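Here's the structure we're looking at; comments come further down.
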Amino acid sequence: FFPNKKNPKNILIEKKIKKNEYIRFLGSDYKKGEIVIKKGQLVEPSHVMALKALGIEKIEVKKKINIIFYSTGNEITNKYKIPFWKVRNSNAHYLNSLTKNMPLVFTEKIILRDKDELKFKKELIKNFKTKTDIVVTSGAVSAGKFDFIPRVIKKIKLKNYFKNVAIRPGKPIMFVKFKNNKVFFGLPGNPISSAACFRFFIIPFLFNSLQMQKEKPII
4 FFPNKKNPKN ILIEKKIKKN EYIRFLGSDY KKGEIVIKKG QLVEPSHVMA
54 LKALGIEKIE VKKKINIIFY STGNEITNKY KIPFWKVRNS NAHYLNSLTK
104 NMPLVFTEKI ILRDKDELKF KKELIKNFKT KTDIVVTSGA VSAGKFDFIP
154 RVIKKIKLKN YFKNVAIRPG KPIMFVKFKN NKVFFGLPGN PISSAACFRF
204 FIIPFLFNSL QMQKEKPII
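Next comes the structure, spelled out in structure tokens:
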């Protein structure tokens with residue numbers, strides 16, 4: 004700064020400036036035939052900027068996957084002030100926030116209570132008749148008295164099925180593909196276990212279903 008920082012009237016650049024330095028010429032962003040976005044990539048804001056700058060109005064994309072989510076348990080609540088035996092519904096809020104920038108539509112439904120076995124079956128059948136692709140629940144998938152999810156699932160025609168994996172935190176988890184190609188994931192009720200199973204099972208399933216580029220492991 005000249006003559007000083009308190010009363011600057013000019014900026015002195017002590018480095019020699021090369022000709023055309025810091026200047027972007029017309030057409031220098033992308034060359035003809037250069038790839039802007041690869042097949043299987045998630046469309047990011049930077050891609051939108053590039054496509055708009057290049058005058059590309061439309062591109063072919065996969066449709067977003069529709070996920071319906073149910074929390075389960077008498078103790079689960081969406082209220083702020085709760086008695087000591089209640090648990091705030093953190094799983095639904097976490098997954099809703101996590102999926103904001105993913106190629107899916109996440110919809111939270113009702114909280115299923117411990118004796119809502121029949122209601123859950125009706126909800127499943129109702130979702131079969133909609134554009135829902137995946138139904139996800141948290142809780143009620145273990146082997147307790149009120150863990151009704153496996154009992155309901157096994158009464159419906161299944162194509163693929165597994166329950167429990169050797170992962171901690173994260174068990175039990177349940178996966179089902181029905182005869183109508185609808186998919187179900189039963190996550191554990193514990194928040195950390197639920198988050199881990201969503202990250203290591205549901206997200207890879209989504210990427211594979213949409214033929215997106217597989218994540219590279221961190222070594």
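The sequence shown begins at 4 in the numbering used here and counts up by one.
By construction, the Cβ of each residue, glycine as well, lies at the ideal position given by its N, Cα and C atoms.
Everything numeric in this text was worked out from a predicted model, so none of it was measured.
1) CB-CB under 6 Å to residue 40, same chain, minus the five flanking residues each way: which ones, in chain order?
2) So, do the stretch 93-102 and the stretch 197-205 have three or more beta carbon pairs nearer to each other than 8 Å?
3) Report the option in 67, 82, 7, 139 whose CA atom is closest to the CA atom of residue 192.
4) Taking its Cβ as the centre, do 16 or more other Cβ atoms sit within 10 Å of residue 126, making it buried, or is it exposed?
5) Looking at residue 143: is its Cβ nearer than 8 Å to the Cβ of residue 75?
6) Okay, do the stretch 110-118 and the stretch 58-72 touch, 3+ Cβ pairs below 8 Å being the bar?
7) Residue ranges of each alpha helix (DSSP H) run of no fewer than 4 residues wholly in the stretch 117-147, ordered along the chain?
8) Could you name the residues that DSSP lists as bridge partners for residue 179?
9) Would you grab the beta carbon distance between residue 186 and residue 161 for me? Rounded to a whole angstrom, and I think it's under 8 Å.
10) Contact check, residue 195 vs residue 172 under 8 Å by CB: the rounded distance?
11) DSSP beta-bridge partners for residue 90?
12) Provide the residue(s) that pair with residue 71 in DSSP beta bridges, ordered along the chain.
13) Identify the continuous alpha helix (DSSP H) that holds residue 154 and give its terminal residues.
Inspection of the coordinates gives the following:
1) Along the sequence shown, one-based indexing puts residue 40 at 37. Only 50 meet the Cβ criterion.
2) yes
3) Stepping through the sequence shown from its first residue, residue 192 is reached at position 189. Cα-wise, what sits closest to residue 192 is 139.
4) Reading the sequence shown from its first residue, position 123 is the one you call residue 126. The residue is buried, with at least 16 neighbouring Cβ atoms inside 10 Å.
5) Here residue 143 is taken as the residue at index 140 of the sequence shown, counted from 1. Here residue 75 is taken as the residue at index 72 of the sequence shown, counted from 1. Yes, they are a contact pair.
6) yes
7) 120-131
8) Numbered from 1 along the sequence shown, position 176 holds the residue referred to as residue 179. Partner(s): 164, 187.
9) As a first step, residue 186 must be located in the sequence shown, where it is residue number 183. As a first step, residue 161 must be located in the sequence shown, where it is residue number 158. About 11 Å separates the two Cβ atoms, so there is no contact after all.
10) Here residue 195 corresponds to residue number 192 of the sequence shown, with the count starting at 1. Here residue 172 corresponds to residue number 169 of the sequence shown, with the count starting at 1. Right, their Cβ atoms sit about 5 Å apart.
11) Taking the sequence shown and counting its residues from 1, the one referred to as residue 90 is at position 87. 79, per the DSSP bridge assignment.
12) In the sequence shown, the residue the question calls residue 71 occupies position 68. Partner(s): 110, 138.
13) Mapped onto the sequence shown, residue 154 falls at position 151. Taken as a continuous stretch (DSSP letters only), the alpha helix (DSSP H) holding residue 154 covers 152-156.
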